[in-house]
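There are 4 protein chains.
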Amino acid sequence: MSLNSFGHVLKFTTWGESHGPAIGAVVDGVPPGIALSEADLQPWLDKRKPGTSKFTTQRQEADAVRILSGVFEGVTTGTSISLMIENTDQRSKDYSAIAQAFRPGHADITYHQKYGVRDYRGGGRSSARETASRVAAGGVARAVLKALLPGLTITGYMVQMGVKGIDRSRLDLATVGDNPFWCPDPVAAADWAEYLDGLRLSHNSVGAVIEVVAHGVPPGLGAPLYGKLDSNLASAMMSINAVKAVEIGDGMAAAGLTGVENADEIRMGPNGPEFLSNHAGGILGGISSGQPVVCRFAVKPTSSILTPRRTIDQTGAEIDLVTKGRHDPCVGIRAVPVGEAMMALVLADHLLLDRAQTGGLRGRIG
Amino acid sequence: MSLNSFGHVLKFTTWGESHGPAIGAVVDGVPPGIALSEADLQPWLDKRKPGTSKFTTQRQEADAVRILSGVFEGVTTGTSISLMIENTDQRSKDYSAIAQAFRPGHADITYHQKYGVRDYRGGGRSSARETASRVAAGGVARAVLKALLPGLTITGYMVQMGVKGIDRSRLDLATVGDNPFWCPDPVAAADWAEYLDGLRLSHNSVGAVIEVVAHGVPPGLGAPLYGKLDSNLASAMMSINAVKAVEIGDGMAAAGLTGVENADEIRMGPNGPEFLSNHAGGILGGISSGQPVVCRFAVKPTSSILTPRRTIDQTGAEIDLVTKGRHDPCVGIRAVPVGEAMMALVLADHLLLDRAQTGGLRGRIG
Amino acid sequence: MSLNSFGHVLKFTTWGESHGPAIGAVVDGVPPGIALSEADLQPWLDKRKPGTSKFTTQRQEADAVRILSGVFEGVTTGTSISLMIENTDQRSKDYSAIAQAFRPGHADITYHQKYGVRDYRGGGRSSARETASRVAAGGVARAVLKALLPGLTITGYMVQMGVKGIDRSRLDLATVGDNPFWCPDPVAAADWAEYLDGLRLSHNSVGAVIEVVAHGVPPGLGAPLYGKLDSNLASAMMSINAVKAVEIGDGMAAAGLTGVENADEIRMGPNGPEFLSNHAGGILGGISSGQPVVCRFAVKPTSSILTPRRTIDQTGAEIDLVTKGRHDPCVGIRAVPVGEAMMALVLADHLLLDRAQTGGLRGRIG
Amino acid sequence: MSLNSFGHVLKFTTWGESHGPAIGAVVDGVPPGIALSEADLQPWLDKRKPGTSKFTTQRQEADAVRILSGVFEGVTTGTSISLMIENTDQRSKDYSAIAQAFRPGHADITYHQKYGVRDYRGGGRSSARETASRVAAGGVARAVLKALLPGLTITGYMVQMGVKGIDRSRLDLATVGDNPFWCPDPVAAADWAEYLDGLRLSHNSVGAVIEVVAHGVPPGLGAPLYGKLDSNLASAMMSINAVKAVEIGDGMAAAGLTGVENADEIRMGPNGPEFLSNHAGGILGGISSGQPVVCRFAVKPTSSILTPRRTIDQTGAEIDLVTKGRHDPCVGIRAVPVGEAMMALVLADHLLLDRAQTGGLRGRIG
């Protein structure tokens, strides 16, 4: 079965193929009375859209989003919100060469095996193009969060490109938008430009690590045991194309810590509990603690490359494949706004979900 | 809201607190006619149960599982299967000292904040004791897999304890059961015994990395885009107590690879496609490829330690807390059978889910 | 697939067979801090339990319910609540005669066809015994409603037994508990006693119509378009054993009305809108209007009767079957508390669901 | 919360308001390889579309459906199928008079109360226009059924208009399309034309009863206990605008039968069990028996009428309201294809759902 929906009470459903007439999302469960227009969504899509630098695919898409339902006179009505983005720059003929072949490291072969039929144009449904629908839906989630949790912010950035990480002592979120990589370390950003250009020109690609942080998340979000906040974030991020790992807080490094080191000690501040560290990434027992929620994910290198790789085609013939077309040398770059969108969608969903059970009440301390 | 169910068509729901009368699970959607008895489930529970070495909590629990419904004359009937495990060794008085305090790094504080009320005895619902219910449910999933995919195997083991990893050149799955750590490297196992003993005696604890591998998974399992196999595994593993990261295949290391390196090249073997490497961990585009499915997760150190840490209590008073009681110095040890159970549950669920949409048909190659 | 769960955010899952060791339910999503004990649940079970008059099955069951989780020191904790009722008076040998036969009008044949295997003892999972689990879960829902909507009442009663209806001019809800039929018309009750006795002695059974009314339901409950309040009530009531029809408000009779007659006109009262009639049964567009919610359902006659009927067995042999054992001559009697329980479960679920999206805010009138 | 999705594994989600730019549906879980084109869907939409006789609203809509995803080279790919129908004949100005008023018997008031804001143009989301999305989705379900159960047929027709029923001795399904009412009794159809014309000219409207029958349903569909086939049909039909009651088989009349009368006796035929009657409407214990599945539902009269009725507006002022605009004198007429669509969607969903658990295997008889 395909399962194209995500979320518990703020649900979204996406549809569309890379080279079909359009892609889109239906967002359900949005509270009524939230200010929303296409102008609120477009900036997020612009952030993700291709063709903005030589480091992303040269496909040109306006990625103009339309709201087809659920909004009346500038506010949400509580009914399902349909979002549509037309595809305008499909070059299906680019794909005729690989229509029968399976790109190594790509979903071509598993879609064929599962469904027996596939839309091979641009990867069809498995294309990263689908993530534009998520970004549009994420814009709706941001509008909900803006109305209900005004102080909340969500920021995504790249902390590692290939083998090159950032220097966290130089981390400056204000610089994230100053380079094409959403890199928060200006020195690393300059280095990465040269590094990625070299990879691109040598017909190669490279992976990346993205970090998404949410500040201003109230304590109490998360639905143990199988709707834990971290569990839902893991599911959300792992569902993004090419993602192979998800970390919360210290992530894999937590395995190397002792209990003494890992304990985020607590003191009492003027506004309630204050933690002296955040190894936990803002989530304890699957519930937000009020600290920043910190999530990282690893994106593998783009599998569509100009270097020949050994593979087979549908007839079982062994071939050497070179993937032409317009591909991202580091698809992790465009995963940054997608990771932000998924964070917004998960947080907005849990905010509403929590209202169902607890009515938003909170246990007192002090 | 709490969400105590997991799965799409093979669903399970767990219930029970650490120090209540019992814990259990209801497993729904199991195919009829599957051989199943309590004797099929008990060995998995015995593998997880506490008190079997000095490296796990000294709480003594028989963990005897009873099947209360859904099985008649030795086979499943297709109705919901209720499993119950009585708690027999609760020492609630151990917890009176921490009834009002919040252990640093523990869910005490977030449960209090979310629900305003909590069963503080042994962590209540947030206790790792709940994982016994998962292991019981996982036993049902294994029975389903055994009947429908006879060749499938699932093996979990620890590949890192604290800062000490295994040497993969010595990895021998046959030795996993020979040591109390489920360590597949006999040399590392001996080293870990001394290492963990030292940590335990110094009133400390430590994290771990667990790897779970499934061999014999057919191609085609997974439900893009939001029920991808890797996305559901990430959710499943991250829902286990103390887990902070989940990796598929190369995981975080995939970020450091180039597209040339990461491409799992394909040749044609006598029985169909053969991959020359498995960076992908057996999953492409969220669908199994027929290669072994490889999943790893990091477990943070036990937060209940005898070393004093700074924290607060419900009145807001700042205190230094020492957690007495019977705790695991490396809770990752007992996470091994839990990780196996979650892998079994996810695979069985997707096997049935795939029958819904494709009827189990597969695209031909060659 | 079997689907043994019901509800959106207040979900319950039931398990158990007529002649297994126990039956039960897990209720999830209950708000924390709600007063709850076994003493709150038992009265509802006592109302449904068999063997209390000659007009119900003579099976003797204490139907003592135990709470195994989710409640601590007298209040709910927000975790899943496990309820168990042991079966104490199973006489499996009563069923050996019909183990291979299919009772006409009973689920025997369809369970066999679907699952290939069935627990034939007492109907197994298809037995009306399962409804005790619903009544227990319904008791939890009533506790939620009592805490959050103190003025709400739910009353079920029988308005028709076989061909004999009540006279609505004599309807007096205060008399419902004065007769074994939950009949609100004392004259009809006396008539029914004789009528049913005659049917029982002639080895026959009969159907019934049950009405369940909820007073004090606030406007705004219901989740269009596919979680409408009436749609969920229809699903809930139709899921009860032997139910063949569900009506809201005027129900089938609405088809015979004109628009002029059917319009529930509205005037402005001191506390808001007041409707001059209630053809709609308190639901417009799938959302409660603030009027009493009125639901009726028809229960077919018990299929297990002592009069021989023509049928077949598993070998395909044609036989004449007489069903011995202890059966209800009018199973509709015991459906009354079950209908009440389902009403409580649906209303509590929608009350919480509405908090998720609207936060309980309401559009002003006047 | 709004819940705009329906189904278990074949799910659809609808969106759109009466006077927005478009309406549509996303259908998920469709098996791959099913032949599907817009030409397969359009005939069902044409059957439902308004303006085809003087007995339906005079709104003119082409109701041209577009497939935007999920179909490639004439067959389904297993990905989500997006369907869109543009609204072309909205006359929003017709509604300015009632923008602030609540039509008696209409969802105007409950939408206002629940959401605080509503799209008043043509009823917005509560308009029967939404049912066009269901009919389009139903066309996809029919394509699935055609491929997997070639002999299955679904036929809907009106059996009662207002107080006038059909004579079942004259029931001839071949004549259903010969009159504007989908009436299977030609004599009744002629009578109804005069009857409805009179009502229409006297500024009134009237209710109806629709019957939908599916022939060729295999035994074994349905998912007890809370996904029973009849329970899901009840939910599906009750979710249609203006429906107030749902019956399966004998429906409400089952209450008046004795067990002897109600028993559908069984004999052994050449191809398996044969039932001698069908009081059950083809469903026993929530599972199809192989007999025709018979479902009826009552539609209340259109609430938008030209006769003045007493009501209030948002300010709380008491007014007399006449609803102008283009309304159906008997909205039950257009509910016929909608009921068929819902039947197709429920059956296709359960067909796939059953494959998940049982793999389609069936218990043998004989």
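Protein chains in written order, with the UniProt record's numbering: chain C, 1 to 366; chain Z, 1 to 366; chain S, 1 to 366; chain D, 1 to 366. Every residue gets a Cβ at the ideal spot worked out from N, C-alpha and C, and that includes glycine.
Since residue 24 of chain Z is in the beta strand (DSSP E), which residue starts that stretch and which ends it?
From DSSP, the beta strand (DSSP E) with residue 24 of chain Z extends over 22 to 28.
Can you look up residue 364 of chain S in the DSSP assignment and give me helix, strand or coil?
Note: residue 364 of chain S maps to coil in three-state DSSP.
Distance between residue 281 of chain S and residue 33 of chain S (C-alpha atoms, nearest Å)
If I take the Cα positions, the gap works out to 32 Å.
Using a Cβ cut-off of 9 Å, pull out every chain C residue sitting near residue 142 of chain S, in sequence order please.
Within 9 Å Cβ-Cβ: nothing; residue 142 of chain S doesn't reach chain C, min ~17 Å.
Chain Z partners of residue 147 of chain D, CB-CB under 7 Å?
By Cβ distance, chain Z contributes nothing, its closest Cβ being about 11 Å from residue 147 of chain D, past 7 Å.
List the endpoints of the continuous beta strand (DSSP E) containing residue 155 of chain S.
Its beta strand (DSSP E) spans residues 153 to 161.
Counting only Cβ-Cβ distances shorter than 7 Å, please list the residues of the region 248 to 271 of chain Z near chain D, keeping chain order.
Nothing from the region 248 to 271 of chain Z brings a Cβ to less than 7 Å from some Cβ of chain D.
Residue environment, residue 366 of chain C, which counts as buried when at least 16 other CB atoms sit within 10 Å:
With fewer than 16 neighbouring CB atoms inside 10 Å of its own CB, residue 366 of chain C falls in the exposed class.
Residue 287 of chain Z versus chain C: which residues are under 8 Å apart at the beta carbon?
Contact note: residue 287 of chain Z reaches chain C through 107, 110, 111, 113, 114, using a C-beta cutoff of 8 Å and chain order.
Let me know if residue 335 of chain S comes out buried or exposed under the rule of 16 or more other beta-carbons within 10 Å of its beta-carbon.
Label assigned to residue 335 of chain S: buried.
Verify whether the separation of the beta carbon atoms of residue 8 of chain C and residue 216 of chain C is less than 8 Å.
Going by C-beta atoms, residue 8 of chain C is not nearer than 8 Å to residue 216 of chain C.
Looking at the strands, I want to know which residues DSSP matches up with residue 273 of chain C.
For residue 273 of chain C, which the question treats as bridged, DSSP gives the partners C/268.
Hey, quick one: how far does the beta strand (DSSP E) through residue 302 of chain S stretch, first residue to last?
Premise fails: residue 302 of chain S is in no beta strand (DSSP E) and is neither H nor E.
Just the Cα atoms here: how many angstroms apart are residue 48 of chain C and residue 312 of chain D?
Between the alpha carbons of residue 48 of chain C and residue 312 of chain D lies a gap of roughly 49 Å.
Span separating the alpha-carbon of residue 29 of chain C from that of residue 69 of chain Z
Answer to the nearest angstrom: the Cα atoms are 36 Å apart.
Which of the three DSSP states, helix, strand or coil, is assigned to residue 110 of chain D?
Residue 110 of chain D: helix per DSSP, three-state reduction.
Is any beta-carbon of chain Z found at less than 8 Å from that of residue 125 of chain S?
A Cβ of chain Z is located within less than 8 Å of the beta carbon of residue 125 of chain S.
Supposed close pair residue 166 of chain S, residue 184 of chain S - CB separation, criterion 8 Å:
Contact holds; Cβ gap of about 6 Å.
Does chain S have any CB closer than 8 Å to the CB of residue 163 of chain Z?
So, not an interface residue.
Any beta carbon from chain D within less than 8 Å of residue 359 of chain Z's own beta carbon?
Taking 8 Å as the threshold, the shortest C-beta distance from residue 359 of chain Z to chain D falls below it.
Scan the region 292 to 315 of chain S for residues whose Cβ lies nearer than 7 Å to a Cβ of chain D and list them as they occur along the chain.
Residues 298, 299, 300, 301, 302, 303, 305, 307, 309, 310, 311, 312, 314, 315.
Cβ contact check for the region 341 to 358 of chain Z and the region 4 to 23 of chain Z: 3 or more pairs under 8 Å:
Yes, the region 341 to 358 of chain Z is in contact with the region 4 to 23 of chain Z.
Evaluate contact between the region 81 to 91 of chain C and the region 57 to 68 of chain C, counting only Cβ atoms and requiring at least three cross-stretch pairs below 8 Å.
Put simply, the region 81 to 91 of chain C touches the region 57 to 68 of chain C. At least three CB pairs are less than 8 Å apart.
If I'm right that residue 307 of chain D touches residue 260 of chain S with Cβ under 8 Å, what's the distance once you round it to whole angstroms?
Yes, they are in contact, since the Cβ atoms of residue 307 of chain D and residue 260 of chain S sit about 5 Å apart, within 8 Å.
In the region 223 to 267 of chain Z, which residue ranges form an unbroken alpha helix (DSSP H) of at least 4 residues, counting only runs that do not cross its ends?
Restricted to the region 223 to 267 of chain Z, the alpha helix (DSSP H) segments that are unbroken, complete and at least 4 residues in length are 229 to 238, 259 to 262, listed in chain order.
Chain-ordered chain D contacts of residue 204 of chain C [CB-CB under 8 Å]
Around residue 204 of chain C, no beta-carbon contact reaches into chain D at under 8 Å, the shortest distance being about 30 Å.
Alpha carbon of residue 35 of chain Z to alpha carbon of residue 81 of chain Z, nearest angstrom
The straight-line gap from Cα to Cα measures roughly 13 Å.
Taking the straight line between their C-alpha atoms, what separation do you get for residue 229 of chain D and residue 140 of chain D?
Approximately 20 Å between the Cα atoms of the pair.
Determine the chain C residues that contact residue 78 of chain S at a beta-carbon separation under 8 Å, and present them in chain order.
Simply 357, 358.
Could I get the ranges of all uninterrupted alpha helix (DSSP H) runs contained in the region 304 to 340 of chain Z, with 4 residues as the minimum, in chain order?
Runs of the alpha helix (DSSP H) inside the region 304 to 340 of chain Z: none found.
Is there contact here, the region 140 to 158 of chain D with the region 205 to 215 of chain D, by at least three beta-carbon pairs under 8 Å?
By the Cβ criterion, the region 140 to 158 of chain D is in contact with the region 205 to 215 of chain D, since at least three pairs of Cβ atoms, one from each stretch, lie closer than 8 Å.
Provide the residue span of the alpha helix (DSSP H) that contains residue 200 of chain C, from first to last.
Residue 200 of chain C -> alpha helix (DSSP H) spans 186 to 201.
Below 8 Å between beta carbons: does that hold for residue 375 of chain C and residue 283 of chain C?
In the structure displayed, chain C extends from 1 to 366; residue 375 of chain C sits before or after that span and is not available.
Residue 10 of chain C burial status per 10 Å Cβ neighbour count (16 or more: buried):
So residue 10 of chain C counts as buried.
Beta carbon of residue 386 of chain C, beta carbon of residue 126 of chain C: below 8 Å?
Chain C is shown only over 1 to 366; residue 386 of chain C falls outside these bounds and no answer can be derived.
Status (buried if at least 16 other CB within 10 Å, exposed otherwise) for residue 174 of chain S
Classification for residue 174 of chain S: exposed.
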